Amino acid sequence: MYPIRFCIRIGEEGDVVRGSPVPIAAIEGFDVREDRHFSVTRRQALLAGGVTAAAAGALLGTSGTGPASAAPGTGGSRHDADVIVVGHGLSGLVAACELADARKRVIIVDQESGENLGGQAHWSLGGLFFVDSPEQRLMGVRDSHDRARRDWFATAGFDRGPNQPGGEDFWARQWAEAYLHFAAGEKRAWLAGMGMAWIPVVGWAERGDGRVGRPGNTVPRFHMTLGTGPGVVEPFVRRIREAQAKGLVRFRYRHQVDELITSGGAVTGVRGTVLAADDAPRGHRSNRTPAGDFELHAPLVIVASGGIGGNQATVRKNWPARLGTPPEFMVTGVPAHVDGRMLDISEQAGARLVNRDRMWHYTEGLRNHSPIWPAHGIRVLAAPSSMWFDAAGKRFPSPGIPSYDTLGTLELIQKSGYGYSWFVLNKRIIEKEFVLSGSEQNPELTAKNLPLYLAKRATDDVPAPVQAFLDRGPDFVTARSVPELVGKMNRLAGSSLVDAGELERQIRHRDREAADPRSNDPQIRGIRRSLDYLGDSLIRTVPLHPILDPQAGPLIAVKMNILTRKTLGGLQTDLSGRVMGTDGKVIDGLLAVGEASGFGGGGVHGYRALEGTFLGGCLFSGRQAGRAAARMV
Ligand SMILES: Cc1cc2nc3c(=O)[nH]c(=O)nc-3n(C[C@H](O)[C@H](O)[C@H](O)COP(=O)(O)OP(=O)(O)OC[C@H]3O[C@@H](n4cnc5c(N)ncnc54)[C@H](O)[C@@H]3O)c2cc1C
Numbered sequence: 030m031y032p033i034r035f036c037i038r039i040g041e042e043g044d045v046v047r048g049s050p051v052p053i054a055a056i057e058g059f060d061v062r063e064d065r066h067f068s069v070t071r072r073q074a075l076l077a078g079g080v081t082a083a084a085a086g087a088l089l090g091t092s093g094t095g096p097a098s099a100a101p102g103t104g105g106s107r108h109d110a111d112v113i114v115v116g117h118g119l120s121g122l123v124a125a126c127e128l129a130d131a132r133k134r135v136i137i138v139d140q141e142s143g144e145n146l147g148g149q150a151h152w153s154l155g156g157l158f159f160v161d162s163p164e165q166r167l168m169g170v171r172d173s174h175d176r177a178r179r180d181w182f183a184t185a186g187f188d189r190g191p192n193q194p195g196g197e198d199f200w201a202r203q204w205a206e207a208y209l210h211f212a213a214g215e216k217r218a219w220l221a222g223m224g225m226a227w228i229p230v231v232g233w234a235e236r237g238d239g240r241v242g243r244p245g246n247t248v249p250r251f252h253m254t255l256g257t258g259p260g261v262v263e264p265f266v267r268r269i270r271e272a273q274a275k276g277l278v279r280f281r282y283r284h285q286v287d288e289l290i291t292s293g294g295a296v297t298g299v300r301g302t303v304l305a306a307d308d309a310p311r312g313h314r315s316n317r318t319p320a321g322d323f324e325l326h327a328p329l330v331i332v333a334s335g336g337i338g339g340n341q342a343t344v345r346k347n348w349p350a351r352l353g354t355p356p357e358f359m360v361t362g363v364p365a366h367v368d369g370r371m372l373d374i375s376e377q378a379g380a381r382l383v384n385r386d387r388m389w390h391y392t393e394g395l396r397n398h399s400p401i402w403p404a405h406g407i408r409v410l411a412a413p414s415s416m417w418f419d420a421a422g423k424r425f426p427s428p429g430i431p432s433y434d435t436l437g438t439l440e441l442i443q444k445s446g447y448g449y450s451w452f453v454l455n456k457r458i459i460e461k462e463f464v465l466s467g468s469e470q471n472p473e474l475t476a477k478n479l480p481l482y483l484a485k486r487a488t489d490d491v492p493a494p495v496q497a498f499l500d501r502g503p504d505f506v507t508a509r510s511v512p513e514l515v516g517k518m519n520r521l522a523g524s525s526l527v528d529a530g531e532l533e534r535q536i537r538h539r540d541r542e543a544a545d546p547r548s549n550d551p552q553i554r555g556i557r558r559s560l561d562y563l564g565d566s567l568i569r570t571v572p573l574h575p576i577l578d579p580q581a582g583p584l585i586a587v588k589m590n591i592l593t594r595k596t597l598g599g600l601q602t603d604l605s606g607r608v609m610g611t612d613g614k615v616i617d618g619l620l621a622v623g624e625a626s627g628f629g630g631g632g633v634h635g636y637r638a639l640e641g642t643f644l645g646g647c648l649f650s651g652r653q654a655g656r657a658a659a660r661m662v
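Counted the way the working numbering counts, the sequence shown spans residues 30 to 662.
Structure (structure tokens):
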């Protein structure tokens, strides 16, 4: 029979009350033994009440639900799991792993097929932000929590009530503090303990102008994972498979959530459309043909549905006025499933969506010669030697220097009045300085072949994926002279905006500055600063040389498009990942993680990111919410 003597704590802070003889063992997923004191929330007490009724009904022969738990307000329907996770991307997987570790029963619902497990993270470069890591020390980089904190806050620029409850940045700021402790603390050891490793050369993304208190990383912090994105996802898939084998985790693929079920203001489940089967390969757009309906109930729902970057219409709608009008043409840096629908659905259930105008789109986007998803763009992570010009061929002032300041450059491009820009460089620069973001663009690293990866980066060869763009990329032109190059640039752009004489004059000016050891040209100083850093001089930055040096040619021009990628705002959450309502109170039963939650709190990055913080944000927010949810059910 069920144990009947126990003591329950009710409420979050919890007054201890003597429990009535409720057959608690009937609450699925509860590991309860006789006489054991344990904590439950007010919500669980309600559920216990539901179970009492169900059990009483069963004893009286009036209920056919047996010992499963009943959801209040769902007409006595069963709970299908302890927690429903919407989204099988990295953040959803991490949350589910933590729940399974606590022996909670989880259903993961995703609109895509199992082929797409891991979501965007699979496609990612696997760059992670660590603070004061062994890799940094090996490269001679001195970092600290305090330094990272200064950089983060200067970069984020939280200015929407960060210290006022109710402010859009109130929880975001707190998530930033918590995330910085994680990144400077247990993050690396936690991941290494699951078998992850990183290349010893730390990258320097978003380096800004190097001054403390200004946006940017004052030191390199971008740690590329051996195995790239798939290497980040792998340990969590392994843990999920183990949990699946134990019956703790179940998947519902091709299940598109259309609605959050609410009862008395609390979220109690999800409802949606079963989509027709689709054997599209990973990353390809799949059909949205309805094949049925579904409804699932659980005491908690975790939204892990990603951002809006795959939906250009929503990106345009949220485009901030401070960045002018959205570019007419953009490429898309994420698969079509990053559609933002679930954010609207959560809003309809009363959730508070904040900082929706904050987004992280890149300014170095290439049209993919072999697209996987619609309008597929590839981002170039360039080092500082390429010259950067607006569409009319006018060199950008600082911070228009590759690898410096994503949003600052976006502002410059938007102010130019055109939606694209030009890189001008030569073969010597492209050999070393072009890294293409994406697991499929870095085959040696994705295959975890570190020696081959380092050898290829250190030698004077154009990496094969970059060569493929030189050969087939629609945004690349090459030439032996500036007039020839400009002719091709203008033909590509379908205009005569760039003047060959003017472009050549600017390149010659830059080449003279490069020869002057006391040059004040910000880009030349930036290249020297980069070469002073061991990691860059080893595999990322070419020695200063004239761009017009025939030995370094041919000349190359690349038309750079704006590429949509990350959503910095999102569902506002407290430090447990619980979603706030528009009334500023927690919505019972609803949590959010990953990009859907602005990587925590509705915008942990503020206006700008230090990079490598998105996967990290999924790991941290997924872990936080997963652990918190395990305590709640
Ligand atoms: C090419 C590329 C390179 C990147 N490189 C890096 C990097 O080096 N470092 C870094 O930090 N970040 C990087 N990122 C960003 C990072 O990968 C993503 O921000 C992160 O993986 C997002 O994970 P997520 O779990 O929040 O969402 P997603 O991965 O988007 O997963 C969300 C899931 O929810 C599902 N879903 C959505 N709505 C519904 C619904 N209504 N019903 C059912 N299911 C739904 C989707 O189908 C999807 O599977 C990169 C991204 C890309 C695309």
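Note that beta-carbon positions come from the ideal geometry of N, C-alpha and C, so glycine has one too. Since the model is a prediction, treat every value here as computed from it, not as a measurement.
* Out of P355, R381, L532, which has the shortest C-alpha to C-alpha gap to T343? -> Position 314 of the sequence shown, counted from the start, is the residue given in the question as residue 343. Selected option, being the one with the closest Cα: P355.
* To do: Report whether the distance from the Cβ of H117 to the nearest heavy atom of ligand 1 is below 6 Å.
  => Residue mapping note: residue 117 aligns to position 88 of the sequence shown, counting from 1. Yes; taking the cut-off as 6 Å, the Cβ of H117 has a heavy atom of ligand 1 nearer than that.
* To do: Return yes when the C-beta of V367 is under 6 Å from any heavy atom of ligand 2, and no when it is not.
  => No copy of ligand 2 occurs in the structure displayed; its ligands are ligand 1 alone.
* Quick one: give me the first and last residue of the alpha helix (DSSP H) that F199 is part of. => Translated into the one-based positions of the sequence shown, residue 199 becomes position 170. Note, F199: alpha helix (DSSP H), 199-213.
* Evaluate the contact criterion for the stretch 576-588 versus the stretch 444-455: three or more CB pairs, one atom per stretch, below 8 Å. => With the rule of 3 Cβ pairs closer than 8 Å, the stretch 576-588 counts as touching the stretch 444-455.
* **R396: CB within 6 Å of a non-hydrogen atom of ligand 1** => As a working mapping, residue 396 is identified with position 367 in the sequence shown. No, Cβ of R396 sits at least 6 Å from all heavy atoms of ligand 1.
* In whole angstroms, what is the alpha-carbon distance linking W200 and A621? -> Within the sequence shown, the letter at position 171 stands for residue 200. Within the sequence shown, the letter at position 592 stands for residue 621. Taking C-alpha positions only, W200 is separated from A621 by approximately 13 Å.
* Under the criterion of a Cβ to heavy atom distance below 6 Å, does C647 qualify as lining ligand 1? -> Within the sequence shown, numbered from 1, the residue matching residue 647 stands at position 618. Residue side-chain check: C647 places its Cβ nearer than 6 Å to a non-hydrogen atom of ligand 1.
* Does the beta carbon of M371 fall short of 6 Å from some heavy atom of ligand 1? -> Translated into positions along the sequence shown, residue 371 becomes position 342. True, at least one ligand heavy atom lies under 6 Å from that Cβ.
* **Other residues of its chain near R509: CB distance less than 6 Å, five sequence neighbours each side excluded** => Locating residue 509 in the sequence shown gives position 480, where the first residue counts as 1. Here the set comprises P583.
* For P319, write down the residues that DSSP places opposite it in a beta bridge. => Mapped onto the sequence shown, residue 319 falls at position 290. DSSP output for P319 lists L304 as bridge partner(s).
* Contained beta strand (DSSP E) runs [length at least 3] in the stretch 324-379, N- to C-terminal order -> Fully enclosed beta strand (DSSP E) runs of 3 or longer: 329-332, 359-361.
* Asked: From G156 to T254, what does the alpha carbon distance come to, in whole angstroms?
  -> Locating residue 156 in the sequence shown gives position 127, counting from the first residue. Locating residue 254 in the sequence shown gives position 225, counting from the first residue. Between G156 and T254, the alpha-carbon positions lie close to 6 Å from each other.
* Spatial neighbours of R317 in its chain, beta-carbon cut-off 7 Å, leaving aside the 5 residues before and after -> Taking the first residue of the sequence shown as position 1, residue 317 is located at position 288. Result list for R317: L304, in chain order.
* To do: Rounded to whole angstroms, what's the CA-CA distance from L644 to L597? Just pull it up for me.
  => For the purposes of this step, residue 644 is identified with residue 615 of the sequence shown, where counting begins at 1. For the purposes of this step, residue 597 is identified with residue 568 of the sequence shown, where counting begins at 1. Using only the alpha carbons, I get a separation of about 13 Å.
* Take the Cβ of N384 as the centre, count every other Cβ of all protein chains shown within 10 Å, and call the residue buried at 16 or more, exposed below. => Indexing the sequence shown from 1 puts residue 384 at position 355. Buried is the call here.
* Decide yes or no for the touch test of the stretch 524-532 against the stretch 391-407: beta carbon pairs closer than 8 Å, at least 3 of them. => Note that the stretch 524-532 does not touch the stretch 391-407; fewer than 3 beta-carbon pairs, one per stretch, sit closer than 8 Å.
* Asked: When you compare each of S162, R539, A221 to P426 by their alpha carbons, which one comes out closest?
  -> As a first step, residue 426 is located in the sequence shown; it is residue number 397 there, counting from the start. Of the listed residues, the one whose Cα sits closest to P426 is R539.
* Asked: Quick one: what does DSSP say Q601 is sitting in, helix, strand or coil?
  -> Taking the sequence shown and counting its residues from 1, one reaches residue 601 at position 572. Three-state result, Q601: coil.
* Please specify which runs of the alpha helix (DSSP H), each continuous and at least 4 residues long, are wholly inside the stretch 467-544, giving them in chain order. => Counting whole runs of 4 or more residues, the stretch 467-544 contains the alpha helix (DSSP H) stretches 472-475, 479-487, 493-501, 511-522, 529-543.
* Between the beta-carbon of G148 and the beta-carbon of G118, is there less than 7 Å? -> The residue given as residue 148 occupies position 119 in the sequence shown. The residue given as residue 118 occupies position 89 in the sequence shown. Their beta carbons are under 7 Å apart, which means G148 touches G118 by this criterion.
* To do: May I have the straight-line CA-CA distance separating G121 from L277, to the nearest angstrom?
  => Residue numbering aside, residue 121 sits at position 92 when the sequence shown is read from its first letter. Residue numbering aside, residue 277 sits at position 248 when the sequence shown is read from its first letter. Straight across, the Cα-Cα distance linking G121 with L277 is about 15 Å.
* What residues in its chain sit with their C-beta under 6 Å from that of D386, if we drop five residues either side in the sequence? -> The residue you call residue 386 lines up with position 357 of the sequence shown. When the five nearest sequence neighbours on each side are left out, the beta carbons in the same chain lying within less than 6 Å of the beta carbon of D386 are those of N347, P349, in order along the chain.
* Asked: If we count the other Cβ atoms within 10 Å of its Cβ and call it buried at 16 or more, is D500 buried or exposed?
  -> The residue given as residue 500 occupies position 471 in the sequence shown. It is exposed - the Cβ of D500 has fewer than 16 other Cβ atoms within 10 Å.
* Asked: For F265, is the classification buried or exposed, using 16 other Cβ atoms within 10 angstroms of its Cβ as the cut-off for buried?
  -> Locating residue 265 in the sequence shown gives position 236, counting from the first residue. F265 comes out buried.
* To do: Would you decide whether Q140 is buried or exposed? Buried here means 16 or more other CB atoms lie within 10 Å of its CB.
  => The residue labelled residue 140 in the question sits at position 111 within the sequence shown. In summary, Q140 is buried, with 16 or more beta-carbon neighbours lying within 10 Å of its beta-carbon over all protein chains present.
* What are the start and end residues of the beta strand (DSSP E) that includes L620? -> As a first step, residue 620 is located in the sequence shown; it is residue number 591 there, counting from the start. Where L620 is concerned, the enclosing beta strand (DSSP E) stretches over 615-621.
* Could you tell me whether any non-hydrogen atom of ligand 1 is closer than 6 Å to the CB of Q470? => Mapped onto the sequence shown, residue 470 falls at position 441. At a threshold of 6 Å, Q470 does not count as near ligand 1, since its beta carbon sits no closer than that to any of the ligand's heavy atoms.
* Asked: Do A658 and L329 come within 7 Å of each other at the CB atom, strictly closer than that value?
  -> On the sequence shown, residue 329 is found 300 positions in, with the first residue counted as 1. On the sequence shown, residue 658 is found 629 positions in, with the first residue counted as 1. Between L329 and A658, the CB-CB gap stays under 7 Å.
* Considering only the beta carbon of each residue, do I536 and I576 sit closer than 7 Å? -> To locate residue 536, count along the sequence shown from 1; it is residue 507. To locate residue 576, count along the sequence shown from 1; it is residue 547. Yes. Within cutoff.
* Asked: Hey, how far is the Cα of K133 from the Cα of D434?
  -> For this step, residue 133 is matched to residue 104 along the sequence shown. For this step, residue 434 is matched to residue 405 along the sequence shown. The straight-line gap from Cα to Cα measures roughly 43 Å.
* Residue from P413, I136, Q470 whose Cα sits closest to the Cα of V571 -> Your numbering for residue 571 matches position 542 in the sequence shown. Checked all of P413, I136, Q470; the closest Cα to V571 is P413.
* Given 8 Å, three or more beta-carbon pairs between the stretch 282-289 and the stretch 191-210 -> With the rule of 3 Cβ pairs closer than 8 Å, the stretch 282-289 does not count as touching the stretch 191-210.
* To do: Could you spell out where the alpha helix (DSSP H) holding M168 opens and where it closes?
  => Indexing the sequence shown from 1 puts residue 168 at position 139. In the DSSP assignment, M168 falls outside any alpha helix (DSSP H) and carries neither an H nor an E.
* Tell me, please, whether the CB atom of A124 is closer than 7 Å to any CB atom in chain C? => The chain inventory of the structure shown lacks chain C, comprising one protein chain alone.
* What's the gap between the Cα of P52 and the Cα of A131? -> Within the sequence shown, the letter at position 23 stands for residue 52. Within the sequence shown, the letter at position 102 stands for residue 131. With a pLDDT of 28 at P52, under the threshold of 50, the predicted position of this residue should be treated as unreliable, though the coordinate-derived value follows. For P52 and A131, the distance between alpha carbons rounds to 21 Å.
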